[in-house]
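S.K.: One rule links them: number in my numbering = place in the sequence shown (from 1) + 977.
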Amino acid sequence: MDNEQETTEPGSGGSKPWADMTPSEKAAARRENAARRQAEAAAAPSPASLPEVPGPSEVPVSTPETAAVSAASEADQGPGETDAPLDGAPATDVTPAETGVSPAETGEPPADSGEQSADKPSRRRLPAPVRWVGELLIYIVVALLVVALVRTFLIQNYVVPTGSMEQTLEGGDTILAWKPAAPERGEIVVFRDDYNWLGPAKPVPRWKELLGGLHVLPPQDEQYLVKRLIGLPGDHVVCCDAQGRMSVNGVPLEERDYLYQTSPGQTVAPSEFRFDIVVPAGHIFVMGDHRNNSADSRAHMCNGTNPTPDLAFPPIDAIQGRTFAIMSPPSRWRTFAIPDTFASIPDPGGAPPPGQSTWTCPLTRG
978 MDNEQETTEP GSGGSKPWAD MTPSEKAAAR RENAARRQAE AAAAPSPASL
1028 PEVPGPSEVP VSTPETAAVS AASEADQGPG ETDAPLDGAP ATDVTPAETG
1078 VSPAETGEPP ADSGEQSADK PSRRRLPAPV RWVGELLIYI VVALLVVALV
1128 RTFLIQNYVV PTGSMEQTLE GGDTILAWKP AAPERGEIVV FRDDYNWLGP
1178 AKPVPRWKEL LGGLHVLPPQ DEQYLVKRLI GLPGDHVVCC DAQGRMSVNG
1228 VPLEERDYLY QTSPGQTVAP SEFRFDIVVP AGHIFVMGDH RNNSADSRAH
1278 MCNGTNPTPD LAFPPIDAIQ GRTFAIMSPP SRWRTFAIPD TFASIPDPGG
1328 APPPGQSTWT CPLTRG
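Here it is, written out as structure tokens:
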């Protein structure tokens, strides 16, 4: 009983013995103690927030050396700095939205969602042989297009059909010719065989017809002749003077530089037949350099006793090109210029005749 009287209610804050308290004072002391315990329980940390207590094997042993290292590490750490997370601690992901830096500024490609990747079609590269064949076909088409443009507007190649231009050109030579401009006397011209001097056309392979249609080769439905242009519309061409020379508009021609040579230093005559003609308007007068082996304008001047001016003078608009070089065979490669003898020929006086005959048939030799 003495002990009960000497004790007080724990936490009551009073010094009055419990036995001396009245019932009302005991009730108040109990309420005060209950409120205090509730406040202490609310302020106490939860078990989840308490740090994990290492086991006996994980407790670091503090020695003077480890304490010195720890102090030096704390001294090196700047204000506001925190230690790196311990091994095994989860890393915190920082998103661009949290940092305020966009993927474009960091140089990293934006990550595609699974749905976006599934929607994008997969691109498969073609096998290397297929790519090579495709590139080769493109190169071939481009090359054919370039060749067609060049041959349509600038240069065309032709094959010499006969030996009438020997030895300047041989039959079978491939020549290069500028596309038509104003023709000049003395040029080697390529012209259509509008008058059928060559006779019926020979059949040509289908592939040549195709390339002709693409302008890679000359049109294969036409035949072409190669001769030297002697007279333009209105020119007065005469053969021959006392020295056996032809003349154009009164100027004799010195033709030894290009006429066919029968032996070194010996050339064929300019013409075995005498004639005196004026070239009709819109036409030309042509001759081969191998004069005694050329069916040129002279060979078509007469049909028996009748002059045939409609066959002797090819139309000037039939000219397809002006030869400037032999392309093949390579051993015969050379270029051509207009012979100097044509430089001094004046233009004809007066308008050329409309095509009437100015000669008699048959032509006489001499």
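Think of the CB as a built atom: it goes at the ideal place given N, C-alpha and C, for glycine as much as any other residue.
No experiment lies behind these values; they were computed from the predicted model shown.
(1) Identify which residue in Ser1240, Asn1270, Pro1241, Pro1257 has its Cα closest to the Cα of Pro1292.
(2) Do Thr1139 and Met1304 have their C-beta atoms within less than 8 Å of each other?
(3) How long is the line joining the alpha carbons of Asp1253 and Ala1120, rounded to whole angstroms?
(4) How would you label Glu1232, buried or exposed, when you count the other beta carbons within 10 angstroms and need 16 or more for buried?
(5) Ends of the alpha helix (DSSP H) at Leu1206?
(6) If we call anything under 8 Å between Cβ atoms a contact, is Pro1325 one with Gly1259?
(7) Pair every Cβ in the stretch 1276 to 1287 with every Cβ in the stretch 1222 to 1237, then say whether three or more of these pairs are closer than 8 Å.
(8) Check each candidate in Pro1160, Phe1168, Ser1271 and name the one with the smallest Cα separation from Phe1319.
(9) Taking 8 Å as the cut-off, decide whether the C-beta atoms of Ser1141 and Asn1269 are in contact.
(10) For Thr999, does the count of other Cβ atoms within 10 angstroms reach 16, so buried, or fall short, so exposed?
(11) Could you please give the first and the last residue of the uninterrupted alpha helix (DSSP H) stretch that includes Gln1015?
(12) Count the C-beta pairs between the stretch 1301 to 1317 and the stretch 1175 to 1186 that are closer than 8 Å, then say yes if the count reaches three, no if not.
(13) Buried or exposed for Ala1289, going by 16 or more other Cβ atoms inside 10 Å?
(14) Taking Pro1241 as the reference, which of Leu1103, Arg1007, Val1123, Gln1144 has the closest Cα?
(15) For a test of the three-state rule: what should DSSP assign to Val1215, helix, strand or coil?
(16) Is it right to say Ile1402 is buried, meaning 16 or more other beta carbons lie within 10 angstroms of its own, or is it exposed?
(17) Rounded to whole angstroms, how far is the Cβ of Glu1250 from the Cβ of Leu1153, which I believe are closer than 8 Å?
(18) Please specify which runs of the beta strand (DSSP E), each continuous and at least 3 residues long, are wholly inside the stretch 1236 to 1262, giving them in chain order.
(19) Hey, would you say the C-beta of Pro1229 is under 7 Å away from at least one heavy atom of the ligand COA?
(20) Mapping the DSSP letters down to three states, classify Ile1322 as helix, strand or coil.
(21) Taking the alpha-carbon of Pro1182 as reference, which of Asp1171, Tyr1172, Leu1194 has the nearest alpha-carbon?
(22) Which of helix, strand or coil does DSSP assign to Gly1189?
(23) Output the residue ranges of the alpha helix (DSSP H) runs that lie fully inside the stretch 1258 to 1303 and measure 4 residues or longer, sorted by chain position.
(24) Straight-line CA distance for Ile1322 to Pro1306?
(25) Spatial neighbours of Ile1296 within its chain, please: CB distance less than 6 Å, with the 5 preceding and 5 following residues excluded, ordered by chain position.
(26) Please name the residue, chosen from Ser1308, Arg1102, Phe1262, His1213, that lies closest to Glu1147 on a Cα-to-Cα basis.
(27) What does the Cβ neighbour count give for Asp1294, buried or exposed, with the cut at 16 atoms within 10 Å?
(28) Please state whether the Cβ-Cβ distance between Arg1205 and Ser1248 is less than 8 Å.
(29) From the DSSP output, read off the bridge partner residues of Glu1307.
(30) Considering only C-alpha positions, which residue in the set Ala1246, Ala1016, Arg1007 is nearest to Ala1219?
(31) If I measure Cβ to Cβ from Gln1197 and keep anything under 6 Å in the same chain, skipping five residues before and after, which residues do I get?
(32) I'd like the span of the beta strand (DSSP E) that includes Gln1133, first residue to last.
(33) If you follow the beta strand (DSSP E) that Arg1169 is part of, which residue opens it and which one closes it?
(34) Do Tyr1116 and Val1203 have their CB atoms nearer than 8 Å?
(35) Looking at Ile1207: is its Cβ nearer than 8 Å to the Cβ of Arg1162?
(36) Where does Ala1045 fall in DSSP's three states?
M.R.: On the basis of the supplied data:
(1) Pro1257
(2) no
(3) Taking the straight line joining both Cα atoms gives about 50 Å.
(4) buried
(5) Where Leu1206 is concerned, there is no enclosing alpha helix (DSSP H), although the beta strand (DSSP E) it sits in stretches over 1201 to 1208.
(6) no
(7) The stretch 1276 to 1287 makes no contact with the stretch 1222 to 1237, as fewer than three CB pairs between them are under 8 Å.
(8) Pro1160
(9) no
(10) exposed
(11) 1000 to 1020
(12) no
(13) buried
(14) Gln1144
(15) The answer is strand: DSSP assigns Val1215 an E or B state.
(16) The requested residue 1402 does not occur in the structure, where the chain is confined to residues 978 to 1343.
(17) Per the sequence shown, the amino acid found at residue 1250 is Phe instead of Glu. Not really, about 32 Å apart at Cβ, beyond 8 Å.
(18) Counting whole runs of 3 or more residues, the stretch 1236 to 1262 contains the beta strand (DSSP E) stretches 1238 to 1240, 1252 to 1255.
(19) As presented, the structure is devoid of all ligands, the ligand COA included, so that no description of it is given.
(20) coil
(21) Leu1194
(22) Helix at Gly1189.
(23) Taking only runs of at least 4 residues, the alpha helix (DSSP H) segments lying wholly in the stretch 1258 to 1303 are 1286 to 1289.
(24) CA-to-CA, the gap between Ile1322 and Pro1306 works out to about 34 Å.
(25) Pro1157, Pro1160, Val1166, Phe1168
(26) Ser1308
(27) By the Cβ neighbour-count rule, Asp1294 is exposed, with fewer than 16 other Cβ atoms within 10 Å of its own.
(28) no
(29) With the sequence shown as reference, residue 1307 is identified as Pro, and Glu is not the correct amino acid for it. Residue pairing for Pro1307: DSSP places it in no beta bridge.
(30) Ala1246
(31) Val1181, Lys1185, Glu1186, Gly1189
(32) 1132 to 1136
(33) 1165 to 1169
(34) no
(35) Their beta carbons are under 8 Å apart, which means Ile1207 touches Arg1162 by this criterion.
(36) Note that Ala1045 scores 49 on pLDDT, short of 50, meaning its location in the model is unreliable; the coordinates nonetheless yield the value given after this. Ala1045: helix per DSSP, three-state reduction.
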